[in-house]
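Read the structure below first, then the notes.
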Amino acid sequence: MASKMSMRDKITLLLLIFMSVFLFADQRIMSAILPELSKEYGINEQTLGFIGSAFTLVGAFVSIFFGYFTDKVSRKMLLVATVLVGEIPCLLTGMEFFTPNIESFTILRILTGIGIGGIYPISFSLISDYFHEEHRASASAWLGVSWALGMMLGPALAGYLTNTHGWRIAFILAAAPNFPLALMFALYAREPERGRTEAALEELIQQGVAYKQRISPGDFKIIFSNKTNIWTFLQGIPGTVPWGILGYWMILFLERTRGFSKEDATTTFLMLGVGATVGAILFAVIGEKLYRKNPRYMPILCGTGVLIGIVPAAYVVNADVTNPQGTALLMFYALAFIAGFLVAVPSANVKAILMNVNRPEHRGSVFAVFNITDNLGQGFGPAIGGMLISTGYLFMMNFSIAWWIPCGLIFFMVTRYITADRNALSVLMKERAREMKE
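Sequence positions in the sequence shown follow the numbering used here and run 850 to 1287.
Following this line, the structure appears as structure tokens:
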């Protein structure tokens, strides 16, 4: 009998989604205020690129710590602590007293990055225990929507408010809502029983039998012996280089080389994000339907979508336009939307792939490792972009898009192993169920 979510479970997930929106709102704020930061602190854009990379990379590597403890301790309180670790320095970044120089600004950015890195493994561990395997792509998509909304909200706040209220206001507005939300989560939320959505364990857990397996350091050998894991981890490295560069430098690229106003450049970036958000949701539903027919179809969908999406993305970057207005500007927005829509095919599906081939007690750590590989490209992207400025903004943009080619191709390697790894997990869960009955 399938377990149903209670109203308390639904409110718990809703709080998680809203906290994620505001935590991730901070991630892209810098991309909209690079000229202002350069002017205030007297530093060049290349240095700002390194700061952006440090923000992402430190958070990604620290997520291993959060991922391991996600598989060991209460995920509820770990999540609250993670949100506070991210939002306190974000709030302080918006106060001039705490950011008088570039050194203090950098330290606060890195601390915020730790919070964002920590929420990643905790969130997907929770999702895997709230939803059965056939619904995990859609669930991941909606969580991804909250992150995408946050990553659009941050640059929007900065892009539209900086000229009138200064660049610091965006950090304050991004951080403030999460303090009452975190308190509500701590007082009300309930985390699901670990393993409760596994078909072999579900009935036993409903009867009150606890799944007591927990990760140990030696289990990382098991994680890395899973070939679906390996290839899924690897695709994330080239797959996120474009997001790291485009997400950080696209607004400035459009301002400097295409004559866009800050507002029009920000809107173009937002259309790319809106397209990615819509694509993630739609292709999650399609991915789930294909997965039910054959698990191999899900990574095939991912690889195909990424490769096709390169075409409109390349047009957005290479279109020979200068300060377009009216219909020309609307067409530019539409192409940015289509590009984001297509390259976002893997967004939620790749998370479902990992959940469906890994043990309940390993998923936090698996997503911590995935967060590292998924953020290496994104983390190094701002720094790579900064180093490529001397070659020209256009070369930088085309260099970034080209990385989607190996990403798309690697997904076809996942198709070779996903069915066998999924079946192996099913056999193991049945063995665990027999042990729990004894």
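Quick reminder that beta carbons are idealized off the backbone N, C-alpha and C, glycines included.
Under 8 Å between the Cβ atoms of Ala909 and Gly964? Taking the first residue of the sequence shown as position 1, residue 909 is located at position 60. Taking the first residue of the sequence shown as position 1, residue 964 is located at position 115. Not in contact: Ala909 and Gly964 (Cβ atoms no closer than 8 Å).
Using a threshold of 8 Å, state whether the C-beta atoms of Asp1270 and Lys1076 are closer than that. Sequence index remark: in the sequence shown, residue 1270 carries index 421 (1-based). Sequence index remark: in the sequence shown, residue 1076 carries index 227 (1-based). Result yes, Cβ atoms of Asp1270 and Lys1076 sit closer than 8 Å.
Option in His1211, Leu1274 and Cys939 with minimal Cα separation from Tyr917: As a working mapping, residue 917 is identified with position 68 in the sequence shown. The residue with the shortest Cα to Cα distance from Tyr917 is His1211.
Residues in the same chain with beta-carbon distance under 8 Å from Pro1041, minus the five sequence neighbours each way, listed in chain order, please. Counting from 1 along the sequence shown, the entry for residue 1041 is found at position 192. Correct list, in chain order: Asp858, Leu975, Asp978 and Tyr979.
Beta-carbon within less than 6 Å of Leu863's beta-carbon, same chain only, minus the 5 sequence neighbours each way: which residues are those? For the purposes of this step, residue 863 is identified with residue 14 of the sequence shown, where counting begins at 1. Once the five neighbours on either side are set aside, Leu863 has no close Cβ partner at all.
Quick one: what does DSSP say Gly964 is sitting in, helix, strand or coil? Within the sequence shown, residue 964 is the residue found at index 115, counting from 1. Here Gly964 sits in helix by DSSP.
Among Ser887, Gly993, Met1099 and Ile1259, which one has its Cα closest to the Cα of Gln1084? Counting from one through the sequence shown, the residue named residue 1084 turns up at place 235. The residue with the shortest Cα to Cα distance from Gln1084 is Ile1259.
So, at 6 Å on beta carbons, what are the nonlocal neighbours of Gly1088 in its own chain, with the 5 sequence-adjacent residues on each side left out? Walking along the sequence shown from the start, residue 1088 turns up at place 239. Hits under 6 Å: Cys1256.
Taking 8 Å as the threshold (C-beta atoms), are Leu957 and Val1302 in contact? Nothing in the structure corresponds to residue 1302, since the chain is present only between 850 and 1287.
If you count every other CB in all the chains shown that lies within 10 Å of the CB of Arg1283, and 16 or more means buried, which is it? Start at 1 with the first residue of the sequence shown, and residue 1283 comes out as number 434. Classification of Arg1283: exposed, given that the 10 Å Cβ count is below 16.
Residue ranges of each alpha helix (DSSP H) run of no fewer than 4 residues wholly in the segment 1033-1091, ordered along the chain? 1051-1055 and 1069-1074
Candidates Ser1214, Val1276, Val1206 and Ser1196, of which the one nearest Ala997 by Cα: Sequence index remark: in the sequence shown, residue 997 carries index 148 (1-based). Cα-wise, what sits closest to Ala997 is Ser1196.
Measuring only the C-alpha atoms, how far is Asn1167 from Glu1137? Position 318 of the sequence shown, counted from the start, is the residue given in the question as residue 1167. Position 288 of the sequence shown, counted from the start, is the residue given in the question as residue 1137. C-alpha separation (whole angstroms): 35 Å.
Are the CB atoms of Met868 and Val922 within a distance shorter than 8 Å? Numbered from 1 along the sequence shown, position 73 holds the residue referred to as residue 922. Numbered from 1 along the sequence shown, position 19 holds the residue referred to as residue 868. Not closer than 8 Å, so no.
If we ignore side chains and look at the alpha-carbon of each, how far apart do Leu865 and Leu928 end up? Position 16 of the sequence shown, counting from 1, holds the residue named residue 865. Position 79 of the sequence shown, counting from 1, holds the residue named residue 928. So the alpha carbons of these two residues sit roughly 9 Å apart.
Compare the Cα-Cα distances from Pro1161 to each of Phe1186, Lys1200, Val1206 and Gln895 and report the closest residue. As a first step, residue 1161 must be located in the sequence shown, where it is residue number 312. For Pro1161, the nearest C-alpha among the options comes from Phe1186.
Quick one, which of Gly1057, Tyr1146, Asn1247 and Ile1238 has its alpha-carbon nearest Met1262's? Stepping through the sequence shown from its first residue, residue 1262 is reached at position 413. With distances taken between Cα atoms, Met1262 lies closest to Tyr1146.
Just curious, the alpha helix (DSSP H) that Asn1167 is in, first and last residue? Stepping through the sequence shown from its first residue, residue 1167 is reached at position 318. Note, Asn1167: alpha helix (DSSP H), Tyr1146 to Asn1167.
Taking contact to mean at least 3 C-beta pairs separated by less than 8 Å, is the segment 1040-1058 in contact with the segment 880-891? no
What separation, rounded to the nearest whole angstrom, lies between the Cα atoms of Thr1153 and Met1099? Position 304 of the sequence shown, counting from 1, holds the residue named residue 1153. Position 250 of the sequence shown, counting from 1, holds the residue named residue 1099. If I take the Cα positions, the gap works out to 25 Å.
In whole angstroms, give me the CA-to-CA distance for Thr955 and Ile900. In the sequence shown, residue 955 corresponds to position 106, counting from 1. In the sequence shown, residue 900 corresponds to position 51, counting from 1. Using only the alpha carbons, I get a separation of about 6 Å.
Between the Cα of Pro1066 and those of Ile1202, Cys1151 and Val1215, spot the shortest distance and give me the residue it belongs to. Position 217 of the sequence shown, counted from the first residue, corresponds to residue 1066. Of the candidates Ile1202, Cys1151 and Val1215, the one whose C-alpha sits nearest the C-alpha of Pro1066 is Val1215.
Under a three-way DSSP split, which group does Pro938 fall into? Residue 938 sits at position 89 when you count from the first residue of the sequence shown. Residue state, collapsed to three classes: helix.
What are the start and end residues of the alpha helix (DSSP H) that includes Gln876? As a first step, residue 876 must be located in the sequence shown, where it is residue number 27. That residue, Gln876, is in no alpha helix (DSSP H); it is neither H nor E in DSSP.
For Pro1091, count neighbouring Cβ atoms within 10 angstroms of its own Cβ and tell me buried if that reaches 16, exposed if not. On the sequence shown, position 242 is the one that residue 1091 refers to. Answer is buried; the Cβ neighbour count reaches 16.
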